[in-house]
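Undergrad: The UniProt record's numbering puts the first residue of the sequence shown at 1, with every later residue one more than the last. By construction, the Cβ of each residue, glycine as well, lies at the ideal position given by its N, Cα and C atoms.
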Amino acid sequence: MENRCICVIPLSLSKFSIEEPDIALLTPQQTPSFSHIDLVVDDKSKSSKVQQKWPIFILSISLIDLLLMIFALIKNGGLEDIDDYKMLGVSNVTLIKIGAKFLPCMKNVSHVDENKSLCGSYATIYQYYRFITSIFLHVGIMHLLFNLTAQICDGMVLERKFGTARVGVIYILSGLGGNIVSSVKAILWHDKIVVTVGASGACFGLIGVLLLDKIQNF
């Protein structure tokens, strides 16, 4: 009887030792691989939400710039003499009449009062809307092409990544900031009869954001 008991005990122990690896396969040690897969899927879904297929704002602004250039040419009666206007464009008088930034139309400038007749039929100064309208006007065809190239190449990349609202705010605030800085410069340097147009400030804003994005993701 004692011999049988001694034989049974080792058999039961060996049975547990054989099945132990099967139990280990069911432990939660393999779960990190599944959680890693879930994290990758979540990251892709988040990035897909940010991406935007069509850069609506940049394309719309570029079209507006083009249409206003055509309107300026019609208003001007065609191109000015190429010897005087290398940018293949229109006169300063035409630009002032259609919304260029011109300080005598925006504040009291005593020694240039005679030029206020160019500010339109509103019979008032303080036309601060010119800070915005001048962003979409250009001196000539060459000026327009330079700015369109910059804002389309850089702006489309940014709008696809960050969305229409963000790029729109960056564009308008950069253009507005550029016009304010140029106005302060004109006042300090007593150069108050300069006519200012163009989207250069807005384009520099887009370029700056694009460079910051590249640096952060380097």
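When the Cα atoms are used, what is the spatial distance from Val181 to Ser174?
TA: One C-alpha to the other measures close to 11 Å.
Undergrad: For Lys214, count the other beta carbons within 10 Å of its own beta carbon; 16 or more makes it buried, fewer makes it exposed. Which is it?
TA: That one is exposed.
Undergrad: State the CB to CB distance for the pair Leu68 and Asp154, rounded to an integer number of angstroms; the pair is presumed to be in contact (CB under 8 Å).
TA: With 8 Å as the limit, Leu68 and Asp154 do not qualify as a contact, their Cβ atoms being about 21 Å apart.
Undergrad: In this structure, what does DSSP give as the bridge partners for Lys101?
TA: DSSP, once it has assigned bridges, lists Thr196 as partnering Lys101.
Undergrad: CA-CA distance, Ser48 and Leu158?
TA: Reliability of the predicted coordinates at Ser48 is poor, the pLDDT of 43 falling under 50, and no value is obtained from them.
Undergrad: Could you give the DSSP three-state label for Glu80: helix, strand or coil?
TA: Here Glu80 sits in coil by DSSP.
Undergrad: Keeping to the same chain, check which residues put their C-beta closer than 6 Å to that of Gly205; ignore five residues upstream and five downstream.
TA: The answer, listed in chain order, is Ile170 and Ser174.
Undergrad: Within this structure, are the beta carbons of Ala100 and Thr196 separated by less than 8 Å?
TA: Yes, these two residues count as a Cβ contact at 8 Å.
Undergrad: How big is the Cα-Cα spacing for Lys76 and Arg160?
TA: First, the residue type needs correcting, since residue 76 is Asn and not Lys in the sequence shown. Near 37 Å, if we compare the C-alpha coordinates of Arg160 and Asn76.
Undergrad: Met142: which of Phe102, Ser200, His190 and Met87 sits nearest, CA to CA?
TA: It is Met87.
Undergrad: Between Ile125, Gly168, Leu103 and Gly198, which has its C-alpha nearest His190's C-alpha?
TA: Closest by alpha carbon: Leu103.
Undergrad: With 16 as the cutoff for other CB atoms within 10 Å, does Val41 come out buried or exposed?
TA: At Val41, the pLDDT of 41 sits below 50, so the modelled position is not reliable; the number obtained from the coordinates is stated separately. Result: exposed.
Undergrad: Pull up the distance between the alpha-carbon of Ala150 and that of Leu59, whole angstroms please.
TA: Between Ala150 and Leu59, the C-alpha separation is close to 12 Å.
Undergrad: Taking the Cβ atom as the reference point for each residue, do residue 234 and Lys97 lie within a distance shorter than 8 Å?
TA: Since the first and last residues shown for the chain are 1 and 218, residue 234 lies out of range.
Undergrad: Give me, in chain order, the residues of the same chain whose beta-carbon lies closer than 7 Å to that of Gly201; leave out the 5 immediate sequence neighbours on both sides.
TA: Excluding residues within five positions, the ones whose Cβ falls inside 7 Å are Ser174, Gly175, Gly177, Gly178 and Asn179.
Undergrad: Cα-Cα, which of Ile64, Ile193 and Phe57 is closest to Phe136?
TA: The residue with the shortest Cα to Cα distance from Phe136 is Ile64.
Undergrad: Confirm, please, whether the CB-CB distance from Thr164 to Gln51 is below 8 Å.
TA: Against a cut-off of 8 Å, the Cβ pair of Thr164 and Gln51 comes out as no contact.
Undergrad: CB-CB under 8 Å to Asn108, same chain, minus the five flanking residues each way: which ones, in chain order?
TA: Ile125, listed in sequence order.
Undergrad: Let's test the definition: count the other Cβ atoms within 10 Å of the Cβ of Leu212 and tell me whether it reaches 16, buried, or not, exposed.
TA: Looking at its Cβ environment, which holds fewer than 16 other Cβ atoms inside 10 Å, Leu212 is exposed.
Undergrad: Which residue marks the beginning of the alpha helix (DSSP H) containing Tyr171, and which one marks its end?
TA: That run of the alpha helix (DSSP H) goes Thr164 to Leu188.
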